[in-house]
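Inspection log for the structure reproduced underneath, given as C-alpha coordinates.
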Amino acid sequence: MDIIQHSTWLGSKIENEICLWVLLNFNNGIHTFWVFANDEPHTITSDTKPRSEIRIRGYDYSSGVWQFEGEAYIPSGTDATSVMQVFGATTIMLRVYSAKLTVYRSPTVLENVYNRWFKVNVIHDAGASNVKVYIDGVQRYEGSGAGGNNHYFKFGVYAEDGASHRVESRWRQIRVLRKN
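Shown next as C-alpha coordinates:
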(Lines of atoms letter the chains of each structure in order from A and count residues from 1; the text may use other names and numbers.)
(Lines give C-alpha, C1' and ligand atoms only; values in the text may rest on other atoms or scores of the structure.)
Protein backbone atom coordinates (compact mmCIF):
# COMPACT_ATOMS: atom_id res chain seq x y z
CA MET A 1 0.00 0.00 0.00
CA ASP A 2 1.52 3.32 -0.94
CA ILE A 3 -0.80 5.66 0.88
CA ILE A 4 1.54 8.46 1.85
CA GLN A 5 3.35 7.42 5.02
CA HIS A 6 6.15 10.00 5.16
CA SER A 7 4.33 13.25 4.88
CA THR A 8 3.52 16.53 6.46
CA TRP A 9 0.02 16.77 7.84
CA LEU A 10 -1.14 20.19 6.88
CA GLY A 11 -3.14 20.74 9.99
CA SER A 12 -6.49 20.42 11.61
CA LYS A 13 -7.40 23.93 10.49
CA ILE A 14 -9.86 22.82 7.83
CA GLU A 15 -12.77 24.62 9.50
CA ASN A 16 -10.72 27.85 9.41
CA GLU A 17 -9.16 27.40 5.97
CA ILE A 18 -12.15 26.60 3.78
CA CYS A 19 -14.18 28.32 1.15
CA LEU A 20 -17.84 27.50 1.51
CA TRP A 21 -20.11 27.28 -1.44
CA VAL A 22 -22.81 26.14 0.95
CA LEU A 23 -22.12 24.20 4.13
CA LEU A 24 -25.43 23.15 5.48
CA ASN A 25 -24.44 21.39 8.70
CA PHE A 26 -21.33 20.75 10.80
CA ASN A 27 -22.04 18.85 14.00
CA ASN A 28 -19.94 16.50 16.15
CA GLY A 29 -17.08 16.61 13.65
CA ILE A 30 -19.27 15.60 10.70
CA HIS A 31 -19.78 17.81 7.64
CA THR A 32 -23.21 17.11 6.10
CA PHE A 33 -23.95 18.40 2.60
CA TRP A 34 -27.14 18.16 0.59
CA VAL A 35 -28.92 19.74 -2.33
CA PHE A 36 -32.14 19.13 -4.19
CA ALA A 37 -32.07 18.46 -7.91
CA ASN A 38 -34.18 21.54 -8.57
CA ASP A 39 -31.98 23.92 -6.49
CA GLU A 40 -30.29 26.80 -8.27
CA PRO A 41 -26.56 26.71 -9.11
CA HIS A 42 -24.11 28.37 -6.70
CA THR A 43 -24.15 31.69 -8.58
CA ILE A 44 -26.78 33.28 -10.79
CA THR A 45 -24.38 33.37 -13.74
CA SER A 46 -23.44 29.67 -13.50
CA ASP A 47 -24.87 27.02 -15.79
CA THR A 48 -23.78 24.16 -13.49
CA LYS A 49 -25.98 21.89 -11.40
CA PRO A 50 -26.63 22.61 -7.71
CA ARG A 51 -23.81 21.93 -5.28
CA SER A 52 -22.88 22.13 -1.62
CA GLU A 53 -19.17 21.62 -1.15
CA ILE A 54 -16.01 22.70 0.60
CA ARG A 55 -12.93 23.80 -1.25
CA ILE A 56 -9.96 23.41 1.06
CA ARG A 57 -8.21 26.78 0.86
CA GLY A 58 -4.54 27.35 1.52
CA TYR A 59 -3.49 24.04 -0.01
CA ASP A 60 -3.52 24.83 -3.72
CA TYR A 61 -0.60 23.17 -5.48
CA SER A 62 1.03 22.86 -8.88
CA SER A 63 3.71 20.26 -8.11
CA GLY A 64 4.50 17.49 -5.68
CA VAL A 65 2.55 14.54 -4.32
CA TRP A 66 -0.59 15.44 -2.36
CA GLN A 67 -3.19 13.35 -0.58
CA PHE A 68 -6.79 13.94 0.42
CA GLU A 69 -8.02 11.68 3.22
CA GLY A 70 -11.45 11.44 4.77
CA GLU A 71 -14.25 9.16 5.80
CA ALA A 72 -17.43 9.35 3.73
CA TYR A 73 -21.03 8.29 4.31
CA ILE A 74 -23.62 8.28 1.52
CA PRO A 75 -27.28 7.87 2.58
CA SER A 76 -29.44 5.58 0.47
CA GLY A 77 -31.31 7.32 -2.30
CA THR A 78 -28.39 9.56 -3.28
CA ASP A 79 -27.69 9.05 -6.97
CA ALA A 80 -25.83 10.84 -9.77
CA THR A 81 -23.68 13.14 -7.67
CA SER A 82 -20.01 13.97 -7.35
CA VAL A 83 -18.79 13.67 -3.74
CA MET A 84 -15.04 14.41 -4.04
CA GLN A 85 -12.88 16.13 -6.60
CA VAL A 86 -9.30 17.08 -7.35
CA PHE A 87 -9.87 20.31 -9.21
CA GLY A 88 -7.59 21.79 -11.84
CA ALA A 89 -8.72 20.58 -15.24
CA THR A 90 -10.97 18.34 -13.11
CA THR A 91 -8.17 15.86 -12.48
CA ILE A 92 -10.55 13.33 -10.90
CA MET A 93 -14.13 13.15 -9.63
CA LEU A 94 -15.53 10.47 -7.34
CA ARG A 95 -19.24 10.06 -8.02
CA VAL A 96 -22.14 7.97 -6.77
CA TYR A 97 -24.27 6.09 -9.30
CA SER A 98 -26.67 3.25 -8.40
CA ALA A 99 -25.13 2.65 -4.94
CA LYS A 100 -21.61 2.51 -6.42
CA LEU A 101 -18.68 4.89 -5.95
CA THR A 102 -17.12 5.51 -9.36
CA VAL A 103 -14.33 7.49 -10.97
CA TYR A 104 -16.49 9.67 -13.18
CA ARG A 105 -19.02 7.08 -14.49
CA SER A 106 -16.56 4.20 -14.64
CA PRO A 107 -14.71 2.32 -13.20
CA THR A 108 -16.42 1.38 -9.96
CA VAL A 109 -14.14 1.69 -6.93
CA LEU A 110 -16.67 0.59 -4.28
CA GLU A 111 -19.98 -1.29 -4.41
CA ASN A 112 -22.81 -0.84 -1.91
CA VAL A 113 -21.78 2.57 -0.62
CA TYR A 114 -25.06 3.39 1.10
CA ASN A 115 -25.51 3.84 4.84
CA ARG A 116 -21.97 3.06 6.00
CA TRP A 117 -18.71 4.89 6.62
CA PHE A 118 -15.76 4.17 4.33
CA LYS A 119 -12.29 5.71 4.18
CA VAL A 120 -11.23 7.57 1.04
CA ASN A 121 -7.63 8.39 0.13
CA VAL A 122 -6.88 10.15 -3.15
CA ILE A 123 -3.21 10.65 -4.00
CA HIS A 124 -2.29 13.05 -6.78
CA ASP A 125 1.24 13.22 -8.17
CA ALA A 126 0.95 16.50 -10.05
CA GLY A 127 4.32 16.20 -11.83
CA ALA A 128 3.60 12.70 -13.13
CA SER A 129 -0.09 13.49 -13.75
CA ASN A 130 -0.99 10.33 -11.82
CA VAL A 131 -3.93 9.75 -9.49
CA LYS A 132 -4.54 6.81 -7.15
CA VAL A 133 -7.71 6.07 -5.20
CA TYR A 134 -7.72 3.91 -2.08
CA ILE A 135 -10.90 2.78 -0.36
CA ASP A 136 -10.53 1.41 3.16
CA GLY A 137 -6.78 1.10 2.57
CA VAL A 138 -7.03 -0.91 -0.67
CA GLN A 139 -5.95 0.61 -3.97
CA ARG A 140 -8.99 0.61 -6.27
CA TYR A 141 -7.87 2.89 -9.09
CA GLU A 142 -4.81 4.34 -10.75
CA GLY A 143 -4.90 6.56 -13.80
CA SER A 144 -3.78 9.74 -15.46
CA GLY A 145 -4.85 13.13 -14.27
CA ALA A 146 -6.40 15.65 -16.62
CA GLY A 147 -3.49 18.06 -16.57
CA GLY A 148 -3.88 21.62 -15.42
CA ASN A 149 -1.40 23.83 -13.61
CA ASN A 150 -3.14 24.50 -10.31
CA HIS A 151 -5.00 21.97 -8.17
CA TYR A 152 -7.03 21.78 -4.97
CA PHE A 153 -9.37 19.38 -3.20
CA LYS A 154 -13.16 19.68 -2.87
CA PHE A 155 -15.70 17.45 -1.16
CA GLY A 156 -19.47 17.53 -0.57
CA VAL A 157 -22.17 17.04 -3.21
CA TYR A 158 -22.39 18.32 -6.76
CA ALA A 159 -25.46 17.09 -8.65
CA GLU A 160 -24.86 15.45 -12.03
CA ASP A 161 -27.30 14.81 -14.89
CA GLY A 162 -30.05 12.51 -13.64
CA ALA A 163 -29.47 13.31 -9.96
CA SER A 164 -31.98 11.96 -7.47
CA HIS A 165 -34.41 14.47 -5.95
CA ARG A 166 -32.10 14.91 -2.93
CA VAL A 167 -28.37 14.12 -2.85
CA GLU A 168 -26.34 13.98 0.36
CA SER A 169 -22.89 13.09 1.61
CA ARG A 170 -21.32 13.25 5.05
CA TRP A 171 -17.61 13.59 5.74
CA ARG A 172 -15.39 13.38 8.82
CA GLN A 173 -11.70 13.07 9.70
CA ILE A 174 -10.62 15.20 6.73
CA ARG A 175 -6.88 15.65 6.23
CA VAL A 176 -4.64 16.98 3.48
CA LEU A 177 -1.08 15.67 3.34
CA ARG A 178 1.97 16.47 1.25
CA LYS A 179 4.73 13.94 0.63
CA ASN A 180 8.13 15.03 1.96
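The sequence shown lines up with residues 2 to 181 when you count with our numbering.
Glycine included, each C-beta is placed from N, C-alpha and C at the ideal position.
None of the values given here were measured: they were computed from a predicted structure.
- Taking one beta carbon from each stretch, the region 76 to 94 and the region 157 to 169 have 3 or more pairs nearer than 8 angstroms; the two touch.
- By the 16-neighbour rule on beta-carbons within 10 angstroms, glutamine 174 is exposed.
- In the DSSP assignment, threonine 33 falls within the beta strand (DSSP E) that extends over 31 to 37.
- Straight across, the Cα-Cα distance linking valine 158 with phenylalanine 27 is about 15 angstroms.
- Annotated three-state conformation of arginine 117 is coil, per DSSP.
- Beta bridge pairing from DSSP links valine 104 with Leu95.
- For isoleucine 136, the enclosing beta strand (DSSP E) starts and ends at 131 to 136.
- By the 16-neighbour rule on beta-carbons within 10 angstroms, valine 177 is buried.
- DSSP lists no beta-bridge partner residue for glutamine 174.
- Phenylalanine 37 sits exposed, since fewer than 16 C-beta atoms from the chains shown fall within 10 Å of its C-beta.
- Tyrosine 74 is positioned such that its CB atom lies no closer than 8 angstroms to that of arginine 141.
- Put simply, the backbone Cα of glycine 71 is about 20 angstroms away from that of glycine 144.
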